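Note that the protein sequences, when read in sequence, are chains C and F. My numbering numbers the first residue of the first sequence as 8 and each following residue consecutively. My numbering numbers the first residue of the second sequence as 2 and each following residue consecutively. For every residue, glycine included, the Cβ atom is placed at its ideal position computed from N, Cα and C. On a predicted model such as this, the values are computed, not experimentally measured, just so you know.
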Amino acid sequence: MILLGARRATAQVPVLEISGANFRPMPLAVAAPQSADDNARSKSAELDAALMFDLSASGIFQVLDRKSFLARVSEGLTASAINFARWADIGADGLVKTQLASEGQKIRAELHFFSVGTGKEEFKLTDSAADRDVRRLAHSLADALYRRLTREPGPFQSHLAFVRRTAQGKEVWVADWDGRNGQLAAGGPNVLNVLPALIPDGSGVAFTTYRTGRPMIFVQRSGGAAVPLVKSDHMATGIAFSPDAKRIAYSLAVGESTQIWVAQADGSGAKQLTDTPYFINTSPSWSPDGKRLAFVSNQGGSPQIYVMSADGGGIRRLTFQGNYNQTPDWSPRGDLIAFTARDERRAFDLFTVNVESGKITRLTQDQGDNEEPTFSPNGRLLIFASHRTGTSRLFVMNSDGSNQLPLPMDSGAYHTPDWGR
Amino acid sequence: MSPADAKAHSALAPSLLTGTRLPVGRYLVVSLVGHAAFFAAIGVFSYLHLGARIDLNQQPIKASLVRLGKPRDPKLLPRIPDAPKEEEAKAPVPEPPKPEEPKSVPMPDAKARPPGNADRRKQLLSAFNRTSGAGGSRTAKTIEELEGQTDGDPNGNSATQEGERYYGQLKAQIQQRYDVSQTIPEQERLHLKAQVLVLIGKTGEVLKARLATSSGNELFDNSVLAAVKKASPFPPPPEHLRDALQRRGIVLEFRP
């Protein structure tokens, strides 16, 4: 245990090895943005809100409450103008300061990142966007900051599809990752549109619609009208795109059984993968390398998570705990599959299962029903639907279940999120 | 009494019914001496050979019963064990030299469902750690308990052991404060190594701490320096290390 060159102490300096660091989110102070002109000032609150939420949800920062700040609001943006002792006093390790300025029809932002410990400016990020796109400007800055520190892509310029429940039916929406800037992709009175799947190349969204009475899979590409994607006389539901956007997987209900099929992205070349008469196989989710599929099957008696290769071979049951496991989503990092399960108290909660070891980890507990997890493109975060506030709303959390935050969406009932690029 | 009566009595004299003077006193003395010698022999024998003597200076051995509860059905989905509360972990713990203050092991929350076996083991260990002062008062004694050697002499019998124990205390104390930012890229974490040279005064105060070898990542370098700073002061070094630690110091080699 005690590793020592200490025995050599008589001759030289002993060396004591220390490991086992506690990795913790960096305590980060984000000062309110400063604006160079009135137009920039009118946009700063919106940029600030989006940036603060991105950084708070990132999992790598512990964003400090501005109420605790001791520094003057007007403190400058250069290291020499900053009183770092005041930032150290509130426990900050990092400090972010932004300045906004108008440039014609654009807003230009400068984000300065300081290390409080050394009292130095570590780097500066500059970006600009159209006046109306300040939220996207914030997401772009947050991504750049995330990438600069972790050398991994940030998830904040990605998109989220989800279902909004209205009095008339269910609509499919596509929005920024945080649920804002939403656009209606499929609606219509008395129509149910459900189970959205963003196309990984960003060209649109596919979904299951009941517009003709029986469920069909439609695709809505940007600029066009929604058209049928899976042409079948049977009930087609639950589409998933392979990560390279070249193939699709979905379920077809024929008679008493439901089987998983794959096809080319345009719906051609359909091939049946599972073949278990009288049983239901559904909710396919692709592995990041596109070689395997996770899905739900009740062939063992209760709905459980299974994996198989993308040609239908090597079917393997992955979950053996619980008796109602569904909605698998394979992490883009490959190691985990998140899913919804009903526990023995009949609460729906989120879990992950390690694809190799089968180890199940619980992510949510005692917070109402939580369901339908979807991984961020970098695999670090999960968005899910939660009933903890009474209505179904979307939340984000770290992939280990920590730091659960509601998305800053307008009030309404939302469910079935799909987080894509 | 008439002479006739006396005569009649003397006729009866040989009878057993008449009282005679027997040498009782002699027997009594022999018996008493014999008993006394017997008990004295037992006393001497037991004093010399038998039974455990009670050492009033011995540290009491404390045992606590902890209810494990019914193991969770492995077919059920896992539950998240209730985390020990921060305040609970930092609650003041009675100092070891006062055995008359009984320490109690906090029971796992009775309302909590028993978690999986591995989790329960962790929970129990954390409960024991809490009683032994982890995260609590940072005195020499508590750290000693954390890092005690299982095969060591309880009193410590050599300078080497004393030195090793001291380094163990340093290590444990720093590890508790060894927080590193999550923002450090995962692929970089494997390769990070920083060395800090620390000079320690005779009361355990840090006289000097400087980066001897940088990891190349400023954030990590700052974290390890902060860990040393937050962990100080250390317990006073043992006599034989005092001079070396004060003048030449010790190198702390940090890896994540």
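Option nearest residue i by Cα separation, candidates the options
{"i": "C/Tyr419", "options": "C/Thr173, C/Asp240 and C/Gly319", "result": "Sequence inspection shows Gly at residue 419 of chain C; the Tyr mentioned does not correspond to that position. Closest by alpha carbon: C/Thr173."}
{"i": "C/Ser122", "options": "C/Ile114, C/Lys104, C/Pro291 and C/Asp138", "result": "C/Lys104"}
{"i": "C/Asp138", "options": "C/Gly111, C/Glu159, C/Gly230 and C/Ala317", "result": "C/Gly111"}
{"i": "C/Asn343", "options": "C/Leu280, C/Gly319 and C/Trp293", "result": "According to the sequence as given, residue 343 of chain C is Leu; it is not Asn. Nearest of C/Leu280, C/Gly319 and C/Trp293 to C/Leu343, Cα basis: C/Trp293."}
{"i": "F/Pro167", "options": "F/Pro186, F/Lys230, F/Gln183 and F/Ile251", "result": "Just to set this straight, residue 167 of chain F is Tyr in the shown sequence, not Pro. The candidate whose alpha carbon is nearest that of F/Tyr167 is F/Ile251."}
{"i": "C/Ala28", "options": "F/Ala245, F/Pro234, F/Ser233 and F/Ala228", "result": "F/Ala228"}
{"i": "C/Pro291", "options": "C/Ala56, C/Arg254 and C/Asp100", "result": "C/Arg254"}
{"i": "C/Leu280", "options": "C/Val201, C/Met416 and C/Ala256", "result": "C/Ala256"}
{"i": "C/Gln190", "options": "C/Arg218, C/Glu129, C/Asp96 and C/Ser229", "result": "C/Ser229"}
{"i": "F/Arg178", "options": "F/Ser224, F/Glu219, F/Ala210 and F/Ser32", "result": "F/Ser224"}
{"i": "C/Leu77", "options": "C/Val20, C/Pro207 and C/Ala38", "result": "C/Ala38"}
{"i": "C/Arg324", "options": "C/Pro203, C/Leu401 and C/Ile312", "result": "C/Ile312"}
{"i": "C/Met434", "options": "C/Phe327, C/Thr326, C/Leu300 and C/Gln328", "result": "Since the first residue shown for chain C is 8 and the last is 428, residue 434 of chain C is missing from the structure and cannot be characterised."}
{"i": "C/Val362", "options": "C/Asp251, C/Val181, C/Ile224 and C/Ser338", "result": "C/Ser338"}
{"i": "C/Met223", "options": "C/Ser409, C/Leu205, C/Val201 and C/Ala151", "result": "C/Val201"}
{"i": "C/Leu132", "options": "C/Leu156, C/Gln374, C/Phe225 and C/Ala345", "result": "C/Leu156"}
{"i": "C/Ala252", "options": "C/Asp273, C/Arg73 and C/Ile114", "result": "C/Asp273"}
{"i": "C/Arg352", "options": "C/Val303, C/Lys366 and C/Gly375", "result": "C/Gly375"}
{"i": "C/Phe130", "options": "C/Ala151, C/Ile89, C/Ala136 and C/Gly161", "result": "C/Ala151"}
{"i": "F/Thr184", "options": "C/Gly101, C/Val303 and C/Asp296", "result": "C/Gly101"}
{"i": "F/Arg248", "options": "F/Phe255, F/Glu219, F/Ala210 and F/Arg256", "result": "F/Ala210"}
{"i": "C/Ser109", "options": "C/Asp356, C/Thr125, C/Ser51 and C/Ala88", "result": "C/Ser51"}
Contacting residues, own chain, Cβ-Cβ under 6 Å from residue i (five flanking each side not counted)
{"i": "C/His422", "result": "Val170, Ala392 and Ser399"}
{"i": "F/Asp222", "result": "Ala195, Leu212, Ser215 and Ser216"}
{"i": "C/Ala64", "result": "Val403 and Leu412"}
{"i": "F/Leu208", "result": "Leu200 and Gly202"}
{"i": "C/Ile287", "result": "Thr265 and Asn305"}
{"i": "C/Gly231", "result": "none"}
{"i": "F/Ala232", "result": "Gln174, Ile175 and Arg178"}
{"i": "C/Arg115", "result": "Ala108 and Ser135"}
Residue i to residue j span [Cα, whole Å]
{"i": "C/Ile25", "j": "C/Ala213", "result": "52 Å"}
{"i": "C/Ala270", "j": "C/Met242", "result": "16 Å"}
{"i": "C/Ser364", "j": "C/Arg142", "result": "41 Å"}
{"i": "F/Gly164", "j": "F/Pro238", "result": "8 Å"}
{"i": "C/Lys298", "j": "C/Gly307", "result": "24 Å"}
{"i": "C/Trp94", "j": "C/Thr359", "result": "38 Å"}
{"i": "F/Ser32", "j": "F/Tyr48", "result": "24 Å"}
{"i": "C/Asp96", "j": "C/Leu71", "result": "12 Å"}
{"i": "C/Val261", "j": "C/Trp268", "result": "12 Å"}
{"i": "C/Gly66", "j": "C/Asp240", "result": "46 Å"}
{"i": "C/Pro415", "j": "C/Thr396", "result": "14 Å"}
{"i": "C/Gly186", "j": "F/Arg68", "result": "47 Å"}
{"i": "F/Val43", "j": "F/Gly35", "result": "At residue 43 of chain F the sequence reads Ile, which differs from the Val that was named. One C-alpha to the other measures close to 12 Å."}
{"i": "C/Leu389", "j": "C/Ala354", "result": "19 Å"}
{"i": "C/Val198", "j": "C/Arg221", "result": "11 Å"}
{"i": "C/Gly276", "j": "C/Ala247", "result": "16 Å"}
{"i": "C/Asn46", "j": "F/Pro186", "result": "37 Å"}
{"i": "C/Gly319", "j": "F/Val197", "result": "56 Å"}
Residue i CB to nearest heavy atom of the ligand SAH below 7 Å
{"i": "C/Asp425", "result": "Although the ligand SAH was asked about, the structure shown includes no ligands whatsoever."}
Under 7 Å by beta carbon: chain F residues contacting residue i
{"i": "C/Leu156", "result": "Thr184"}
{"i": "C/Met33", "result": "Ser182, Gln183 and Thr184"}
{"i": "C/Ile344", "result": "Simply none; closest approach about 14 Å."}
{"i": "C/Phe402", "result": "Simply none; closest approach about 16 Å."}
Cutoff 7 Å; reference residue i; Cβ partners in own chain excluding five residues on either side
{"i": "C/Val48", "result": "Before going on, a small fix: residue 48 of chain C reads as Arg here, not Val. Within the same chain, C/Arg48 has close Cβ partners Ser42."}
{"i": "C/Asp61", "result": "Ala145, His146, Ala149 and Phe163"}
{"i": "C/Gln227", "result": "Ala192, Ala193, Gly211, Val212 and Ala233"}
{"i": "C/Glu379", "result": "Thr334, Thr347, Phe391, Ala392, His422, Thr423 and Pro424"}
{"i": "F/Ala111", "result": "Model confidence at F/Ala111 stands at a pLDDT of 42, short of 50, so the residue's coordinates are unreliable; what they give is reported in the following sentence. Excluding residues within five positions, none has a Cβ falling inside 7 Å."}
{"i": "C/Val179", "result": "Ala168, Val170, Ala192, Ala193, Asn200, Pro203, Val212 and Phe214"}
Whole-Å CB distance - residue i paired with residue j, under 8 Å assumed
{"i": "C/Tyr331", "j": "C/Ser309", "result": "6 Å"}
{"i": "C/Gly245", "j": "C/Thr216", "result": "With a Cβ gap of about 12 Å, C/Gly245 and C/Thr216 do not count as contacting."}
{"i": "C/Leu23", "j": "F/Leu253", "result": "5 Å"}
{"i": "C/Ala429", "j": "C/Gly427", "result": "Since the first residue of chain C shown is 8 and the last is 428, residue 429 of chain C is not available in this structure."}
Contact set for residue i: own chain, Cβ-Cβ below 8 Å, skip 5 residues either direction
{"i": "C/Glu159", "result": "Tyr153, Asn385 and Arg387"}
{"i": "C/Gln69", "result": "Arg31, Pro32, Met33, Pro34 and Leu35"}
{"i": "C/Leu84", "result": "Gln41, Lys104, Gln106, Glu117 and His119"}
Minimum Cβ-Cβ distance from residue i to chain D less than 8 Å
{"i": "F/Gly250", "result": "Of the protein chains in this structure, namely C and F, none is chain D."}
Listed by chain order, chain C residues near residue i by CB distance under 8 Å
{"i": "F/Tyr179", "result": "Ile25, Gly27, Ala28 and Asn29"}
{"i": "F/Leu77", "result": "Gln328, Gly329, Asp350 and Glu351"}
{"i": "F/Glu254", "result": "Val22, Leu23, Glu24 and Ile25"}
{"i": "F/Leu171", "result": "Leu23"}
Partner residues on chain C for residue i, Cβ-Cβ distance less than 9 Å
{"i": "F/Leu191", "result": "Within 9 Å Cβ-Cβ: nothing; F/Leu191 doesn't reach chain C, min ~12 Å."}
Contact list for residue i against chain F, beta-carbon separation under 8 Å
{"i": "C/Ser122", "result": "Glu219, Leu220 and Asn223"}
{"i": "C/Thr347", "result": "Within 8 Å Cβ-Cβ: nothing; C/Thr347 doesn't reach chain F, min ~11 Å."}
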